[in-house]
Structure formats: structure tokens, C-alpha cells
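As they're listed, the protein sequences go chains A and B. Under our numbering, the first residue of the first sequence carries the number 305, and numbering increases by one thereafter. Under our numbering, the first residue of the second sequence carries the number 191, and numbering increases by one thereafter. Beta carbons are placed, not taken as given, at the ideal position from N, Cα and C, and that holds for glycine. Since this is a predicted model, take the numbers as computed values, not measurements.
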Amino acid sequence: MVVRFLPADAVADQTAAWARDYHVLAPVREGSAVVYRAYAKDMHPFLGRPPSSSAKEALLPQTENLFTYAYRKDRSDLTRTEVFLSEALPPEPTLILGPRPCDARGAHLLDRVFKERGVADPQYAAHRASALFVTVACEEPENTCFCHWTGGGPMDETGSDVLLFPVTDGFAARAITPAGEKLVAGIPEAPAAVQQELAAKLARAPEPGPAPDLSSLPERFLALFGDMDFWMDQSARCLSCGVCTYLCPTCSCFNITDETSGLAGRRLRTWDTCMSALYTLEGSGHNPRPSRAHRLRNRVGHKFCYHPREFAKLGLLEFSCTGCGRCIKSCPVSVDIRRIVLDVIEAGGKSAANANPEEKP
Amino acid sequence: MDGEKAAVDRMAELRAAVALELPNVDFVLGYGRGFDPLHATPVAVRGEKDLARLIFDPTCVQNLATCLYGLRGKRMGLVVKGCDSRSVIQLLQEKIVERENLVIFGLPCDGVLDMAKVRVAADITRVREVRFEENQVRLLLPGGETVLSRRDVLADKCLRCRYPNPLIHDHMIGAELPAQSAEDTYADIEAFEKLSTQERFDFWKRQMSRCIRCYACRNACPLCVCKHVCLADSREPHWLSSEATLQEKWLFQVMHALHLAGRCTECGECQRSCPMGIPILLLKRKMNRELKDIFNYEAGVSLDAVPPLHTFLMEEDKIKDRGLLW
């Protein structure tokens, strides 16, 4: 496969070139954060660290207008009201620059939810079909990284159209998909020195250390489901905020609300978080997940038990987590999902007989 | 900064005090080591075996008083720094927690890290080891050692700290420390207010556009006690929509600042918790400066004080009635 060389000082120009054909989201440094911003003239994309948020926004926008509606009274019969709906416009082709392999893999896991459950979600499918991932491969795992626990890797190609490998003074670019080929067509082929550097890098790919055996996790979780002391202990420090779920590349929950003004309005889909008490609050006032313990249990359970069980039919053990570590890195109280998962395996093994599900997953 | 021996002695003193109180409380909430040497995490000490987990150093950034509201009614111990103790006082003053349920371990503190500043100064994502010295922070990173000036990476609140020693405590652990400054001059607010209205508006538009509406700022605030019945989540009345627009994000921050006027102790948890690095403490400090100017009041320093917005005088010294007559 052709390897191309994108010098570091040509990244801005290349981004501008892509922006002629695509709606480009590129990461920029703003204080302590690295934020995806829509392309603007004189933008300097920053590819040196993983963006603060995942690239999920490009596929599942935090706010999405599903359609607009207007009520109109029938003047000849005022008891009759007609409703007019107009669909939202299809999304522009979007290029996401700077996600990491764990983020691109997140798109693959969102597909499971929005495309592979029998009915494809039309909005999601439209975003997905028009989105291109120009991913930056990782060199060395961060303290919060655990992509190798969940089937990923620092140079994993899943979900990417182009992979950029950091090399001296720039990036070695490799197309992964035909769409990616088109994206890198204008980038010159890499000189021999870069080719050699890349080959050497690939030969000694970063060794993130051994991953624990998580194969018993779904069963161990179920065994521990009713052990509220365990979950209370795990969640004692949790603030019940939405940092972990909103930064997560695979969390897919949303809310649907109508924003009405007079006789017209918009139906919106917005991100929702299972860490909020309101997420499961029922109209009656009853809340099946009344405490942080219940809610944290749900977040862990969804990623490491319910998702793998639902998709076990594919013959693989797949977690709804890419190990990007954002939930650890950005948690105000440093809740570490790796620690919880290991504790589940340990404690769930001890209490395998005590499963007493009080709430169906 | 105390030497290493003093730090060891202090931890021994803290563990001994906690051990002494364990029979009287359900648990003691303190700091333990988090996922790497630069991160601490709250830990509950329930028995002697947990004592070894306790730590205290400039990575102990969280204000543990935030958990008090959720743990109302529990008999518990709490480790506090000087700034954290002000939140406890405010919560006691508002009768949200009960003094007899609390055993307070006060730790004099000479400053905690502002992780946002550390992240800008160095790539800490692979930090292996951290050493705190009198004027420096030594980070062992994969590429070698990086030495940061302590003053450059301490939280702003620490650089102007007037209350390094907890104002309320049952056990004071270690020697008391001198204050960093005698008075808060609100120099940051003064400087910000020199900008034109348009410049300030543009600043906030840019900053707030990063907000992801995760409400970490709200949930990390020790005095934001409405929690999940917050008006930000209310559909009826419909103050805010669920859209992630600038207008909604900004409106929430304004509400937050107004609801904390005269209550906020400037612990900075709102800003520290923000995953997108939005400087929202500035809004609360603005309100506090106004409170200081008008009522000469400061939240969380005296148990007996009556917060000015919890009461009123027929004639306030500094509020003109604009000459209007009934």
C-alpha cells in the first residue's frame, strides 16, 4: 500500500484543501482542552494529543433537529387542526481529523446500536454514510488508556478511512478505505527515509502490556447484579454528572423533546446520560434507578455485560467500550472503570450464586 | 512547604486521629491515590485496614464537602483543607448538614495543583512519578524529568489563599501555616472588567461554546444542593431546552452564579471539574466581589454570620433606594 508523507507544517494547508469538499471538524488547542472545531480560515489543527471529547459528535450530534412541525387550524372548521411536518436536511459530508483509533472504533460500536438492530436509524445512518475518519495512530499508551483490553490497539484500523502515523517532522499517511484513497491522493508519496521509519515503528508497535482476561465479565457482572453493597462502595465518590457518558465514544443514549413556540416547533434528539437520576425517572414519580449505585451499575453493565450478551450471536466477545480512557481522565473524582471491571471479576467470582436481579437489564 | 519528615509525621498523625474516631463514625472520607501519581480520589475509610490508603499532598484537589449533602444523616468523618472547611461552614449555616454527625479532620494546606495548568505546562498523560519540593514540582515523564515551578501550577485560589488552616475542625493535623495573602483584591475580575462589553461577550461565547452540558460544574459544587431537581432540567417551567446551544449553556451558568451569590466559598470545584476547561469560577467571583462591596460579607468564614441574601435590613448602607417613595 502506498505510504504518503504529510509534513507537520503542511497539515493546516491539507486541512484547508479537505475543507473545500467536506465539512471538516479538526482539533484545536484551547487552554487545557483539545476541542473539535468546524474548519475556519487560519485554523491550526493540533494533532499532538487526543481530543478532549470523542468524535461521536460527528455521528450523533449532541443536538439534532429530527424534524420541524407546524399546526394549522382549518378556518372553515375550527375543531380541525392539521399538522405539517418537514424533515431535517441531510447532513453534509463530514471529515473528522484527529480522532484516535479508539474513537474510530467507537463508530463501529455505534453502528451496532443504530444500524444493526433490524431497523437502521435514518439520521445516524446518514451521518455515518457521509463521515470520513482521518485518524492519528497512537505511539505510547497514556496512563488512562486500555484499548487493548477491549479488542482495539494503538494502530487499529477499524472505522478509519486514513491513518496518520506520527514520524519525524510530520505524519506518514496510509489510506485504509477507497474513500480514504481519495482523501490522500493529493499528498506526495513518502520518501524512503519516512517509509523506513514507519516500517520500523510498525515492527516495534507499542506494547501496552498484558490485558486481563475479561471473558468471564458478563457472567460475573450478572452474579453481582443484586449486590448493592458492592455497587454502593464503587459509586460512593461518583458525582452523578455526565462527563463519562458525554465524552464516551460509544455511549449512545439520547432524549427526544419537542421545543414548541406558538403553533410551530422542532422535535429534537439530544444526548442523555444514564448517570443522571432523571434518566429513568418515570411519570409516576417512581425511579427504578434511584441511587448513584444503581446508575453506575448500569453504565458498567451496559458496556461489559448487556452489549456483549446482545451481540454474542455474532460469535464474538465485544464490549461497548473502546478503552479510550476519557471517562477516567476527565472524571472530577477519578473514578476508574478499569478498577471497577477488575473488582467485578473478582467479587463476581466469589458471589456467583447470589445473583438476584431486581431490574431487568 | 514542610520537609519529607514533616509530611510523614503528618500522615501518621492523621491516621492516628482517624483510627481514634473510627468507632464513633460510619466511615471517614479522605483522599487516596487515584489512577496515577498526579491524581487523588476520594476514599472511604471504614476500618483500620483502610488507613494505609490515606494520602495528603498537592494532588488532593477535590473538595470532599461536596459529598455531604448526599450523605445527610450519616455519622461520618471528613478530611478538609482550609478552603474546603468554608464549604462545611456554609452547609452548617444553611442547616443542610448537622454538626453532631460530623467529625472534621482539618489539614493545613499550602496549595493544591490546578490540573488544567499542569496539562498546559507538560504532557502529563504518561506521568510515572511526582515529587513536590519547596518551590518546584518534579514530574518523571517517559522523555525524562520535567521541573515545573510550583507557583506556576498551583490553583489560583491557593496563590491568594487567606485560609490555609481549616476554620472548623475537631482534629487539626500538623502545624498551622501562614496565609498567602491578607486580602483578596479581585485583581482577576478588575482586569477582566477592563475589557469592553463586546470583548467580554466574545470571550464568553468562545468559552461557553465548548460546554457539553455534562453538569459536572453543578454536581461538583458543594453548595449546589438541588442536584436532580435543578431548574436546568425542569420541563415545567421550561427555563432551559435540552439543546446544546450557547444560549442554554450560558443561561445555566448565569443561574448557577446567581444562586451561589453570597453562598459560594470559591473552592473552585465547578471550574476544576469542567472537562472542557471553561473558567466559570470567574462568574462566581464576580458575584462575590459585589457581595463584598455591598454587604462586606464573605461566605463560609463564620458559623454565626447571617448571609446577607438570607435576610434584609429596612435600610441597607450601600443600596440606594433611588429616591423612590411608596
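Can you list, in chain order, the residues of its chain with a C-beta nearer than 8 Å to that of residue i? Leave out the 5 residues immediately preceding and following it.
{"i": "residue 466/B", "result": "400, 401, 402"}
{"i": "residue 659/A", "result": "Residue placement at residue 659/A is flagged as unreliable, the pLDDT there being 49, under the threshold of 50; the coordinate-derived value follows with that caveat. If we look at residue 659/A and ignore the five residues flanking it on each side, its Cβ neighbours are 526, 527, 528, 529, 530."}
{"i": "residue 385/B", "result": "393"}
{"i": "residue 498/B", "result": "452, 481, 484, 485, 487"}
{"i": "residue 557/A", "result": "549, 575, 576, 577, 578, 583"}
{"i": "residue 627/A", "result": "406, 449, 450, 451, 452, 453, 454, 456"}
Kindly indicate which residue of the options has the alpha-carbon position closest to the one of residue i.
{"i": "residue 491/B", "options": "358/B, 350/B, 388/B", "result": "358/B"}
{"i": "residue 629/A", "options": "458/A, 437/A, 342/A", "result": "458/A"}
{"i": "residue 219/B", "options": "263/B, 226/B, 195/B, 270/B", "result": "270/B"}
{"i": "residue 655/A", "options": "492/A, 333/A, 313/A, 534/A", "result": "534/A"}
{"i": "residue 415/B", "options": "267/B, 258/B, 221/B", "result": "258/B"}
{"i": "residue 641/A", "options": "606/A, 613/A, 618/A", "result": "606/A"}
{"i": "residue 493/B", "options": "229/B, 282/B, 193/B", "result": "282/B"}
{"i": "residue 345/B", "options": "199/B, 449/B, 508/B, 249/B", "result": "249/B"}
{"i": "residue 343/B", "options": "365/B, 210/B, 309/B", "result": "309/B"}
{"i": "residue 411/B", "options": "542/A, 338/A, 438/A, 325/A", "result": "542/A"}
{"i": "residue 440/B", "options": "473/B, 413/B, 322/B, 456/B", "result": "473/B"}
{"i": "residue 211/B", "options": "238/B, 478/B, 274/B, 301/B", "result": "238/B"}
{"i": "residue 245/B", "options": "224/B, 255/B, 489/B", "result": "224/B"}
{"i": "residue 495/B", "options": "280/B, 369/B, 230/B", "result": "280/B"}
{"i": "residue 374/B", "options": "356/B, 347/B, 222/B", "result": "347/B"}
{"i": "residue 377/B", "options": "476/B, 284/B, 436/B", "result": "476/B"}
To the nearest whole angstrom, what separates the beta carbons of residue i and residue j, a pair I think is in contact under 8 Å?
{"i": "residue 413/A", "j": "residue 571/A", "result": "Not a contact, Cβ separation roughly 26 Å."}
{"i": "residue 272/B", "j": "residue 354/B", "result": "5 Å"}
{"i": "residue 265/B", "j": "residue 216/B", "result": "5 Å"}
{"i": "residue 317/B", "j": "residue 226/B", "result": "6 Å"}
{"i": "residue 553/A", "j": "residue 360/A", "result": "5 Å"}
{"i": "residue 315/B", "j": "residue 447/A", "result": "6 Å"}
{"i": "residue 396/B", "j": "residue 370/B", "result": "No, residue 396/B and residue 370/B are not in contact; Cβ-Cβ is about 31 Å, not under 8 Å."}
{"i": "residue 300/B", "j": "residue 367/B", "result": "5 Å"}
Ordered along the chain, which non-local residues of its own chain (more than five positions away) have a Cβ less than 7 Å from that of residue i?
{"i": "residue 664/A", "result": "Confidence at residue 664/A is low in this model, with a pLDDT of 46, below 50, so its placement is unreliable and the value that follows should be read with caution. Nothing listed; no residue qualifies."}
{"i": "residue 416/A", "result": "615"}
{"i": "residue 325/B", "result": "339, 340"}
{"i": "residue 515/A", "result": "452, 453"}
{"i": "residue 601/A", "result": "535"}
{"i": "residue 500/B", "result": "none"}
{"i": "residue 490/A", "result": "321"}
{"i": "residue 202/B", "result": "none"}
{"i": "residue 621/A", "result": "519, 612"}
Within this structure, are the beta carbons of residue i and residue j separated by less than 8 Å?
{"i": "residue 235/B", "j": "residue 278/B", "result": "no"}
{"i": "residue 470/B", "j": "residue 420/B", "result": "no"}
{"i": "residue 306/B", "j": "residue 335/A", "result": "yes"}
{"i": "residue 436/A", "j": "residue 483/A", "result": "yes"}
{"i": "residue 332/A", "j": "residue 319/A", "result": "no"}
{"i": "residue 549/A", "j": "residue 574/A", "result": "no"}
{"i": "residue 434/A", "j": "residue 395/A", "result": "yes"}
{"i": "residue 485/A", "j": "residue 308/A", "result": "no"}
{"i": "residue 581/A", "j": "residue 449/B", "result": "no"}
{"i": "residue 241/B", "j": "residue 205/B", "result": "yes"}
{"i": "residue 347/A", "j": "residue 312/A", "result": "no"}
{"i": "residue 502/A", "j": "residue 634/A", "result": "no"}
{"i": "residue 666/A", "j": "residue 498/A", "result": "The requested residue 666/A does not occur in the structure, where chain A is confined to residues 305 to 665."}
{"i": "residue 286/B", "j": "residue 268/B", "result": "no"}
{"i": "residue 329/B", "j": "residue 335/B", "result": "yes"}
{"i": "residue 253/B", "j": "residue 274/B", "result": "yes"}
{"i": "residue 230/B", "j": "residue 638/A", "result": "yes"}
{"i": "residue 367/A", "j": "residue 434/B", "result": "yes"}
Starting from the C-beta of residue i, find all residues in its chain whose C-beta is less than 6 Å away, skip the five residues before and the five after it, and write them out in chain order.
{"i": "residue 362/B", "result": "296"}
{"i": "residue 503/B", "result": "none"}
{"i": "residue 596/A", "result": "539, 542, 544"}
{"i": "residue 407/A", "result": "358, 359, 553"}
{"i": "residue 194/B", "result": "none"}
{"i": "residue 441/A", "result": "459, 467, 469"}
Using 8 Å as the threshold, is the region 351 to 358 of chain A in touch with the region 396 to 415 of chain A, meaning 3 or more CB pairs across them? Pairwise C-beta distances place the region 351 to 358 of chain A in contact with the region 396 to 415 of chain A, as three or more of them are shorter than 8 Å.
Does the region 224 to 240 of chain B come close enough to the region 441 to 450 of chain B to have 3 or more Cβ pairs within less than 8 Å? No, the region 224 to 240 of chain B is not in contact with the region 441 to 450 of chain B.
Quick test of the definition: if touching needs 3 or more C-beta pairs under 8 Å, does the region 420 to 436 of chain B touch the region 382 to 389 of chain B? The region 420 to 436 of chain B, when compared against the region 382 to 389 of chain B, does not touch it at the 8 Å Cβ threshold.
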